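*Asks:* What follows is a single structure, and I will ask about it in a moment.
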Amino acid sequence: MQTANTRRAAFARSQTVSEGPSTTPTHCQQSILRRGSKSNRSRSRGRNGGLSISSLTFSQRQALVASWRNIRPTANSVMRKIFLELEIACPKVKDLFYKAALVDAFNNEGNTAATLDEHVKMMVKLFDELVNTIDDEEQCTSQMKQVGCVHAMLSRSCGFSAEIWERLGEVAIERICAHEGVIKSREAARAWRTLIACSVDEMRSGFEGEARVFSSRMLVVPETSEKSSSTDALEMNEGEGSELSQRLQQLRIDFGQTYQM
Ligand code: HEM
Numbered sequence: 000m001q002t003a004n005t006r007r008a009a010f011a012r013s014q015t016v017s018e019g020p021s022t023t024p025t026h027c028q029q030s031i032l033r034r035g036s037k038s039n040r041s042r043s044r045g046r047n048g049g050l051s052i053s054s055l056t057f058s059q060r061q062a063l064v065a066s067w068r069n070i071r072p073t074a075n076s077v078m079r080k081i082f083l084e085l086e087i088a089c090p091k092v093k094d095l096f097y098k099a100a101l102v103d104a105f106n107n108e109g110n111t112a113a114t115l116d117e118h119v120k121m122m123v124k125l126f127d128e129l130v131n132t133i134d135d136e137e138q139c140t141s142q143m144k145q146v147g148c149v150h151a152m153l154s155r156s157c158g159f160s161a162e163i164w165e166r167l168g169e170v171a172i173e174r175i176c177a178h179e180g181v182i183k184s185r186e187a188a189r190a191w192r193t194l195i196a197c198s199v200d201e202m203r204s205g206f207e208g209e210a211r212v213f214s215s216r217m218l219v220v221p222e223t224s225e226k227s228s229s230t231d232a233l234e235m236n237e238g239e240g241s242e243l244s245q246r247l248q249q250l251r252i253d254f255g256q257t258y259q260m
């Protein structure tokens, strides 16, 4: 299980840009801020030292809800473009989705694997939830973090790295802010930059925290029990692997319940 210290450290990392003027934005937030307008950059840092859900103004929240309503009819296509661009930016992502598609093709148990198509739907649901609960920072943060956590197994078995979350953030900001439902409102664009930067930061924080737990547990798993992928790891039913499987399954259940998958 994740220790209180690890959780605190992960939480502290996720707060890096919201604690005050002296804190340093993470790489993701730095690159996202670089993409913002000059005035937006200085405003984001000047007001509270960085980005956080609570830094969204009332008018930005309104703009977020209104612009999501504009994006929603074409949201599937927007999310698909984001994942396709991510595949180009990170070949590892292409490998992972290719593998998921293979698992899906050979799966005769009726469960859908985490393919690109499924991810498109999950992204739309995630933004539905985030926009609907934008006034509840704790709830938003926990949803974002859970997404990161469910990918932790992939860090060891498939080389999923924190950089993938960063690239996802950059591509998502570019795509969403270029959408005609957002481009006409400066407040909407600012709000989306903040929401996506925070999401990616929390996803990465959840991912890194959970990945550390998995790798420390794996150190004590006998070599013969090692599995090559997170999907395989779920098949481990005994010994230390069982604890890992249960933890991953619990994360999936939690996520599934949140999004009623
Ligand atoms: C950044 C690029 C991403 C890649 C390459 C990726 C890839 C994957 C892969 C390969 C799995 C299967 C893991 C396993 O078998 O244990 C998975 C699971 C999952 N992913 Fe992603 N993912 C990405 C981003 C996201 C995002 C943004 C979301 C949320 C909207 C998400 C939600 C999920 C969920 C909920 C699961 C677990 C599904 C299940 O129960 O099988 N992923 N992802």
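In this text, residue positions in the sequence shown follow numbering that gives the first Met the number 0: the first is 0, and each later residue adds one.
Glycine is no exception: its CB is placed at the ideal position from the N, C-alpha and C atoms.
Small disclaimer: the values here were computed from a predicted structure and weren't measured.
(1) Does the beta-carbon of Ala-171 have 16 or more other beta-carbons within 10 angstroms, so that it is buried, or is it exposed?
(2) What's the C-alpha gap between Gln-59 and Lys-183?
(3) What residue from Trp-67, Cys-148, Leu-153 has the CA that sits closest to Met-202's CA?
(4) Restricting to Cα atoms, I'd like to know which of Glu-165, Arg-192, Val-130, Gln-138 is closest to Asp-200.
(5) Count the C-beta pairs between the region 135-153 and the region 60-73 that are closer than 8 Å, then say yes if the count reaches three, no if not.
(6) With three or more C-beta pairs closer than 8 Å as the rule, is the region 150-160 touching the region 86-99?
(7) Is Asn-288 helix, strand or coil when you go by DSSP?
(8) Any heavy atom of the ligand HEM closer than 7 Å to the Cβ of Leu-85?
(9) At a cut-off of 7 Å, is Ala-99 close to the ligand HEM when judged by its beta-carbon and the heavy atoms of the ligand?
(10) Output yes or no for whether 8 Å exceeds the beta carbon distance between Phe-105 and Ala-151.
(11) So what's His-150 in DSSP terms, helix, strand or just coil?
(12) Would you say Ile-52 and Ile-175 are within 8 Å of each other, going by their C-beta atoms?
*Replies:* Straight from the coordinates:
(1) buried
(2) 13 Å
(3) Cys-148
(4) Glu-165
(5) no
(6) yes
(7) Lying before the first or after the last residue shown, residue 288 is absent from the chain, which here runs from 0 to 260.
(8) yes
(9) yes
(10) no
(11) coil
(12) The answer is no: Cβ separation not under 8 Å.
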